[in-house]
Amino acid sequence: MGVVMAVISGKGGVGKTTTTANVGLGIAMNGKSCVVVDFDIGQRNLDMLLGLENRVVYDLVHVMDENISTKQALIKSKMNPNLSFLAASQTKDKSVLDSEKIKKLIETLKNDFDYIILDAPAGIESGYEHTIEFADKAIIVVNPEVSSIRDSDRAIGILDAKSQKVKDGQEVEKYLIINRINPEMVQSGEMLSSSDILDILNIPLIGKIPEDKAIIDASNQGKPIILNEDSEAGKAYKRVAARFCGERVDFVDVESPQSGGIFKKIKGIFS
Ligand SMILES: Nc1ncnc2c1ncn2[C@@H]1O[C@H](COP(=O)(O)OP(=O)(O)O)[C@@H](O)[C@H]1O
Ligand SMILES: [Mg+2]
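Right, here's the structure in full:
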């Protein structure tokens with residue numbers, strides 16, 4: 001049975017879709033079968049990041065509502081045969097998602113893949129709740145900013161209240177990815193350090209991804225940054241994927257260990 005991992009953040013634009021694409025491809029590169037599913041109804045992006053936008057015929061809603069089989073809707077990545085993709089629909093109507101139908105879809109995917117990664121929409125509304133509903137694990141993506149940490153805290157609250165696993169008396173395992181770390185800004189105290197963030201959120205860290213301009217180019221070309229051997233962010237995502245596949249990979253310092261003064265100022269908000 002495959003493992004279902006929801007990629008969440010609360011706040012938009014922090015790197016959920018980038019993380020889904022790179023961790024998904026990274027897991028596939030480690031020899032595991034993986035499917036990435038875009039749950040961002042109406043704002044799909046994952047297809048572009050994977051270079052698959054021209055191959056989408058059927059999407060999530062076709063599978064749930066129109067008797068299209070999962071097999072028909074899945075698209076195999078050209079970059080790695082272990083990676084498949086299921087697109088979000090472009091409909092504006094977000095109420096198309098329905099718990100029973102999602103459950104059925106996820107059960108089908110669990111039979112066919114080792115990892116099922118769900119890319120959540122921004123916010124903490126119904127689309128988000130459906131993404132976390134049947135998750136075994138959650139990847140929480142934050143930027144080293146107070147607003148991002150706060151929003152992720154809210155998203156985690158909903159995860160711990162509304163996911164099926166929690167309702168069954170179990171726990172959804174959480175993993176933290178800190179994305180867009182700017183070493184100079186951490187050093188100058190303008191940006192939270194990872195130890196500041198870990199103090200606040202208390203979630204096991206699975207990756208620290210530096211800010212990397214090459215990500216924009218990678219997204220535009222539909223070639224995830226993990227394929228770029230020279231990119232620090234790409235290397236960081238490689239380490240994250242290896243960790244998810246059970247390898248012990250040491251953390252690389254992508255920032256200065258020095259934490260700045262803003263931590264003290266904002267700590268009160270969370271206490
Ligand atoms: N580590 C990074 N360095 C530079 N840009 C990044 C990084 N991670 C994400 N981005 C950029 O930030 C924007 C938002 O990322 P995206 O993955 O779409 O976020 P989300 O899915 O959370 O809305 C995109 O333009 C993406 O290219
Ligand atoms: Mg996104």
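Note that the numbering used here has the sequence shown beginning at 1, numbered continuously upward.
Quick reminder that beta carbons are idealized off the backbone N, C-alpha and C, glycines included.
Model, not experiment: these values are computed from the prediction.
Judged by DSSP secondary structure, Phe-85 falls within the beta strand (DSSP E) whose first and last residues are 83-86. DSSP, read as helix, strand or coil, puts Gly-15 in coil. Under the DSSP definition of a beta bridge, Val-142 partners with Ile-178. The beta carbons of Leu-86 and Val-37 sit about 4 Å from each other, so the pair counts as a contact at 8 Å. By the Cβ rule, the segment 184-194 counts as touching the segment 136-156, because three or more pairs are nearer than 8 Å.
In this structure, the CA atom of Asn-202 is about 13 Å from the CA atom of Gly-157.
The bridge partners DSSP lists for Pro-210 are Ile-181.
Look at the beta carbons and you see the segment 173-190 touching the segment 204-211: at least three pairs across the two are nearer than 8 Å.
Across the structure, Leu-109 and Ala-135 are spaced so that their CA atoms are roughly 12 Å apart.
At the C-beta level, Asp-114 and Lys-32 come within 7 Å of one another.
Contact between Leu-49 and Gly-234 is ruled out by a C-beta separation of about 13 Å, above the 8 Å threshold. Of the heavy atoms belonging to ligand 2, at least one sits nearer than 6 Å to the Cβ of Asn-45.
Taking C-beta atoms as the reference points, Gln-72 and Tyr-58 count as a pair closer than 7 Å.
For Thr-17, the distance from the CB to the nearest heavy atom of ligand 2 is below 6 Å. At least one heavy atom of ligand 2 is found less than 6 Å from the C-beta of Asp-40.
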